[in-house]
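Colleague: Starting off with a structure, shown below.
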Ligand code: TXA
Ligand code: MG
């Protein structure tokens, strides 16, 4: 049975959190909110509970989990050492949406890291997550609380769709603040390598560390890479084909919209039902197209809004009764990299590139 607890995110009931912490301590699974997305939590030091996380999510056993902590003391339990430059990042960014991959301690069971000698760790910036982990008095693994391959859940309804009846409790605090998952960076490699783009931008990380970070093409969503855990499996399955229209330069939005209209008309003329996913700035270009579903992701000037809406929109596509979705691209700067890497993955690299330069 799954118990659902509605909780005030900023002033959570200690009684409920204590009850959920007890569930974690006794080996159960609790879905809890973080500032990014909802996580499926289990005691990181209980291999049997961690195994259930993989099973319930239908997650392949070679894709490691992130360990969530509420204190620096817990950090010492899960990693073997914290190099000096890592402290710079931790002090600036934790609690927050940054997962750091470091060498693991012996205490961390192999199943957590899928047998790898490294572990991803993060201290989430959410009062409920922090309090729950503190009360559970143990580090907590928490992958996104979705069935593997689907977009991560940003509201409890998404969690219920995927996991109801299979977890012991769901803590519902409403919509999560950021809406996309944490940035993941491997600091054991030289240079450090980005594993997943996220709310903490590569520009911010490079500034703090004073060194360049390697951003492989697959992390930008441009190709598949089966040699790294994250690259092996598809993410953000939208349920219908998604075509991404990218521009080399987003200052000429009229040119971008022109291409979207061209592709839309091609599908409409062959009897397909379509959705167009656009920005607030470009909605006007599509209002005269009849019979389409038009969805706004938010403003290009407020990319946090686009990030926050992204998974909700992707999850909604399969119930819109359309055959295909055409989505505009965004500039790949700051949060734009996190948005574009996810859209490219969701499109399965079905990308049309528009050149805006005049020859
Ligand atoms: O924002 C988040 O990070 C959310 C919330 C709940 O905290 N969690 C989350 O976890 O997104 P998950 O498991 O859905 O994504 C973790 C990603 C996976 O793609 C995994 O391959 C990668 O991080 N990862 C975790 N540990 C790793 C490791 N030791 N080495 C390489 N990649 C790792
Ligand atoms: Mg996930």
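Numbering (this note's numbering), first residue to last: 101 to 459. For each residue, glycine too, the CB sits at the ideal point set by N, CA and C.
Are residue 268 and residue 128 close, meaning C-beta to C-beta below 7 Å?
Modeller: Here residue 268 refers to the residue found at position 168 when the chain shown is read from its first residue. Here residue 128 refers to the residue found at position 28 when the chain shown is read from its first residue. Yes, the pair counts as a contact, with Cβ atoms nearer than the cut-off.
Colleague: For residue 206, count neighbouring C-beta atoms within 10 Å of its own C-beta (all shown protein chains included) and say buried if the count is 16 or more, exposed if not.
Modeller: Residue 206 sits at position 106 when you count from the first residue of the chain shown. Taking all protein chains in view, the Cβ of residue 206 is surrounded by fewer than 16 other Cβ atoms within 10 Å, so the residue is classified as exposed.
Colleague: At what residues does the beta strand (DSSP E) containing residue 375 begin and finish?
Modeller: Position 275 of the chain shown, counting from 1, holds the residue named residue 375. 374 to 378 is the span of the beta strand (DSSP E), which, as asked, contains residue 375.
Colleague: Mind checking which residues open and close the beta strand (DSSP E) that includes residue 242?
Modeller: Working through the chain shown from its first residue, we reach residue 242 at position 142. DSSP places residue 242 in no beta strand (DSSP E); its state is neither H nor E.
Colleague: Kindly examine the ligand MG and report whether one of its heavy atoms sits closer than 6 Å to the Cβ of residue 329.
Modeller: The residue you call residue 329 lines up with position 229 of the chain shown. Flag unset: Cβ of residue 329 not near the ligand MG.
Colleague: What do you reckon, are the CB atoms on residue 283 and residue 300 nearer than 7 Å?
Modeller: Against the chain shown, residue 283 aligns to sequence position 183. Against the chain shown, residue 300 aligns to sequence position 200. Less than 7 Å separates the beta-carbon of residue 283 from that of residue 300.
Colleague: Can you give me the Cβ contacts of residue 416 inside the same chain, cut-off strictly under 8 Å, excluding the 5 residues immediately before and after it?
Modeller: Here residue 416 refers to the residue found at position 316 of the chain shown. Taken in chain order, the residues that qualify are 395.
Colleague: Check whether the Cβ atoms of residue 226 and residue 135 lie closer than 7 Å to each other.
Modeller: The residue given as residue 226 occupies position 126 in the chain shown. The residue given as residue 135 occupies position 35 in the chain shown. Yes, they are a contact pair.
Colleague: Whole angstroms is fine: what's the gap from residue 161's alpha carbon to residue 213's?
Modeller: Counting from one through the chain shown, the residue named residue 161 turns up at place 61. Counting from one through the chain shown, the residue named residue 213 turns up at place 113. Taking the straight line joining both Cα atoms gives about 9 Å.
Colleague: Name the DSSP beta bridge partners of residue 131, please?
Modeller: Position 31 of the chain shown, counted from the first residue, corresponds to residue 131. Residue 131 pairs with 140 and 270.
Colleague: Relative to the C-alpha of residue 193, which candidate in 438, 308, 211 and 317 has its C-alpha closest?
Modeller: Residue 193 sits at position 93 when you count from the first residue of the chain shown. Nearest C-alpha to residue 193: 308.
Colleague: Specify the secondary structure class of residue 114 as computed by DSSP and reduced to three states.
Modeller: Here the question's residue 114 lines up with position 14 in the chain shown. Reduced to three states, the DSSP call for residue 114 is helix.
Colleague: Take residue 424 and list the residues in its own chain whose beta-carbon comes closer than 7 Å to its own, dropping the five residues that flank it on each side.
Modeller: Here the question's residue 424 lines up with position 324 in the chain shown. Excluding sequence neighbours, residue 424 sits near 340, 341, 343, 367, 372 and 374.
Colleague: Which residue marks the beginning of the beta strand (DSSP E) containing residue 453, and which one marks its end?
Modeller: To locate residue 453, count along the chain shown from 1; it is residue 353. Segment 451 to 454, the beta strand (DSSP E) holding residue 453.
Colleague: My guess is that residue 145 and residue 238 are in contact by the Cβ rule of under 8 Å, so how many angstroms apart are they, rounded?
Modeller: Within the chain shown, numbered from 1, the residue matching residue 145 stands at position 45. Within the chain shown, numbered from 1, the residue matching residue 238 stands at position 138. Their Cβ separation, rounded to whole angstroms, is 6 Å, which keeps residue 145 and residue 238 in contact under 8 Å.
Colleague: Could you tell me how far apart the beta carbons of residue 153 and residue 243 are, in whole angstroms, since I believe they sit closer than 8 Å?
Modeller: Along the chain shown, read from residue 1 onward, the residue named residue 153 stands at position 53. Along the chain shown, read from residue 1 onward, the residue named residue 243 stands at position 143. So it is a contact: roughly 7 Å between Cβ atoms.
Colleague: Return yes when the C-beta of residue 485 is under 6 Å from any heavy atom of the ligand MG, and no when it is not.
Modeller: Since the first and last residues shown for the chain are 101 and 459, residue 485 lies out of range.
Colleague: Three-state secondary structure (DSSP) at residue 322?
Modeller: Residue mapping note: residue 322 aligns to position 222 of the chain shown, counting from 1. If DSSP states are grouped into helix, strand and coil, residue 322 belongs with coil.
Colleague: Can you tell me whether residue 287 is buried or exposed, with buried defined as 16 or more other CB within 10 angstroms of its CB?
Modeller: Mapped onto the chain shown, residue 287 falls at position 187. Answer is buried; the Cβ neighbour count reaches 16.
Colleague: Please tell me whether residue 270 and residue 104 are closer than 7 Å, where the distance is taken between their beta carbons.
Modeller: The sequence position of residue 270 within the chain shown is 170, counting from 1. The sequence position of residue 104 within the chain shown is 4, counting from 1. For the pair residue 270 and residue 104, the CB atoms are nearer than the 7 Å cut-off.
Colleague: If you measure between the beta carbons of residue 224 and residue 195, is that distance less than 7 Å?
Modeller: Translated into positions along the chain shown, residue 224 becomes position 124. Translated into positions along the chain shown, residue 195 becomes position 95. Result yes, Cβ atoms of residue 224 and residue 195 sit closer than 7 Å.
Colleague: Name the one or two DSSP bridge partners that residue 428 has.
Modeller: For the purposes of this step, residue 428 is identified with residue 328 of the chain shown, where counting begins at 1. Paired residues: 345.
Colleague: At a cut-off of 6 Å, is residue 293 close to the ligand TXA when judged by its beta-carbon and the heavy atoms of the ligand?
Modeller: If you number the chain shown from 1, residue 293 lands on position 193. No.
Colleague: Just to confirm before moving on: does the CB-CB distance between residue 377 and residue 386 stay below 7 Å?
Modeller: Residue numbering aside, residue 377 sits at position 277 when the chain shown is read from its first letter. Residue numbering aside, residue 386 sits at position 286 when the chain shown is read from its first letter. No. Outside cutoff.
Colleague: Going straight from the alpha carbon of residue 355 to that of residue 202, what length do you get?
Modeller: Numbered from its first residue, the chain shown carries residue 355 at position 255. Numbered from its first residue, the chain shown carries residue 202 at position 102. C-alpha separation (whole angstroms): 44 Å.
Colleague: Any C-beta of chain D sitting closer than 7 Å to the C-beta of residue 144?
Modeller: Any reference to chain D falls outside this structure, which holds one protein chain only.
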